[in-house]
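K.L.:
Per the working numbering, residue 2 is the first one in the sequence shown, and the count goes up by one each step. Glycine included, every Cβ here is placed at the ideal spot set by N, Cα and C. Just dropping this structure here.
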Amino acid sequence: MNLKEKIALVTGASSGIGEAVAKALAGKGVKVGLAARRTDKLEGVLAEIQAEGGEGIIITMDVTDRNSVTKGVDLLLETYGKIDILINNAGVMYLSDIDALKLDEWEKMVDINIKGILNPTGAVLPHLIAQKSGHIINTSSIAGRKLFQGLGVYCATKHAVAAFSDIMRMEIAPKHHIRVTSIQPGAVATELQQHTTDPKYKEAMANSTYPPLLPEDIASSMLYALEAPDHVDVSEIFILPSEQA
Ligand code: NDP
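Right under this line is the structure:
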């Protein structure tokens with residue numbers, strides 16, 4: 002896909018991987034809808050994009066809320082007239098053992114990591130189907146391929162993302178000419194790790210010994226999938242820090 006003049010929606014664009022991919026896309030001439038809840042952070046990201054000559058709009062969106070997602074997609078369509086790329090990236094991770102019973106954290110992970118992929122997909126897919134082209138990238142995780150103690154619910158949500166993503170690819174790629182990619186990163190240096198409240202796992206993460214990936218590394222891998230020739234669907238990218246087992 003030649004990215005120039007394409008229109009993208011990036012969820013979770015206020016920090017980390019989403020911010021990096023939004024900037025990378027804008028650098029390729031894509032007009033980007035920057036979606037997240039923290040509007041002030043999105044304003045900062047958009048200002049940086051515009052300072053480099055890029056274009057985009059801010060979309061205050063809660064991916065768990067279907068109305069909020071529909072409104073955001075409508076705003077993008079009113080502004081640019083179409084949508085070509087959906088980066089389903091918003092997500093949260095809270096580590097804890099299952100018997101700690103942190104039910105509020107479980108619920109947030111299920112709502113944001115699973116419904117937060119389904120809602121934007123449901124809102125965007127009809128437009129991609131109508132134009133018979135497009136690309137959806139879903140951010141799963143190494144936790145969508147492997148199991149880790151302390152990540153019971155997070156692993157469950159990311160396995161769900163990986164399963165949904167590949168079945169979507171099977172169903173819609175041949176029928177509607179829409180490509181689907183699942184990105185499965187190992188540890189990336191972002192705000193994600195800061196949300197964990199469990200002291201044992203906070204300490205374990207603080208004592209990690211290897212250099213993590215940077216958000217820009219994930220953005221590059223997404224560009225690789227997006228810029229592949231039309232007959233190529235990069236269905237999965239498993240990308241790890243070199244020293245992560
Ligand atoms: P960050 O915490 O930096 O980014 C998470 C993003 O999700 C933020 O922009 C946040 O924005 C957004 N978000 C959270 N809840 C909602 C919501 N309800 N509605 C809309 N946006 C929301 O972490 P990362 O960049 O690391 O995370 C991005 C994705 O990458 C996640 O899906 C994560 O699971 C995945 N991942 C991360 C890895 C890592 O090691 N960092 C490894 C593997 C996968 P706001 O709070 O403003 O709404």
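1) Within this structure, are the beta carbons of I60 and G92 separated by less than 7 Å?
2) Could you tell me which of I18, C156, K72 and D63 sits nearest to V189, measuring between CA atoms?
3) Can you grab the Cα-Cα spacing for the pair K159 / S166, in whole Å?
4) Could you tell me the alpha carbon to alpha carbon distance between K133 and S209, rounded to whole angstroms?
5) Please tell me whether N89 and I118 are closer than 7 Å, where the distance is taken between their beta carbons.
6) Using a C-beta cutoff of 7 Å, does I238 count as contacting chain D?
7) Our contact map puts M223 next to V22 with C-beta atoms below 8 Å; I'd like the distance itself, whole angstroms only.
8) Which ranges would you report for the alpha helix (DSSP H) in the stretch 10 to 67 if only whole runs of at least 4 residues count?
9) Could you round the C-beta distance between V162 and N139 to whole angstroms and report it? I think they count as a contact, below 8 Å.
10) Per DSSP, L152 is paired with what?
11) Starting from the C-beta of D199, find all residues in its chain whose C-beta is less than 8 Å away, skip the five residues before and the five after it, and write them out in chain order.
12) If you run the structure through DSSP and keep just helix, strand and coil, what is M186?
13) Taking all protein chains shown into account, do 16 or more other C-beta atoms lie within 10 angstroms of the C-beta of P230, making it buried, or fewer, making it exposed?
14) Taking all protein chains shown into account, decide if Y81 is buried (16 or more other Cβ within 10 angstroms of its Cβ) or exposed.
15) Verify whether the separation of the beta carbon atoms of P127 and L87 is less than 7 Å.
16) Which residues share a DSSP beta bridge with H196?
17) Alpha carbon to alpha carbon, what distance is there between R39 and A14?
18) What does the Cβ neighbour count give for A37, buried or exposed, with the cut at 16 atoms within 10 Å?
P.N.:
On the basis of the coordinates in this document:
1) no
2) I18
3) 10 Å
4) 45 Å
5) yes
6) Among the protein chains of the structure shown there is no chain D, as only one such chain exists.
7) 5 Å
8) 17 to 28 and 40 to 52
9) 5 Å
10) S97
11) Y95, L96, S97, D98, A101, K103 and G151
12) Checking the sequence, you will find Pro at residue 186 rather than Met. It is a strand residue.
13) exposed
14) buried
15) no
16) Its beta-bridge partners do not exist; DSSP assigns none.
17) 9 Å
18) buried
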